[in-house]
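For reference, the structure is listed below as structure tokens.
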């Protein structure tokens, strides 16, 4: 699952019932309402097009992410390099299988 959340966590964040999320993930339900797609996209900070497979790019709409990148763009090169390494390490850690 994107972000490493459980279905229950995504349900809480998006306010879409966990059962609906389960049906989407397992493929037992092929269509989503526009309202649920918008809720899921917002909770995951991605575009609806990304959820529908129309785009491979994650939409960085989260205001905190945008603000951080704006601040980082003015930083010295060594600070940017350190920040990239920290973010990559965090993402690698999040992608590791959970036990």
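Residue numbers (our numbering): 67 to 165. Quick reminder that beta carbons are idealized off the backbone N, C-alpha and C, glycines included. Since this is a predicted model, take the numbers as computed values, not measurements.
Quick one: what does DSSP say residue i is sitting in, helix, strand or coil?
i	result
residue 97	coil
residue 80	helix
residue 70	helix
residue 122	coil
residue 109	helix
residue 144	helix
Closest to residue i by CA distance: which of the options is it?
i	options	result
residue 99	145, 114, 121, 142	114
residue 118	102, 147, 72	102
residue 79	116, 105, 92	105
Count the other CB atoms within 10 Å of the CB of residue i; is the residue buried (16 or more) or exposed (fewer)?
i	result
residue 76	buried
residue 110	buried
residue 107	buried
residue 150	exposed
Should residue i be flagged as near chain C, meaning a C-beta pair shorter than 8 Å?
i	result
residue 122	Although the question refers to chain C, the structure presented lacks it and comprises just one protein chain.
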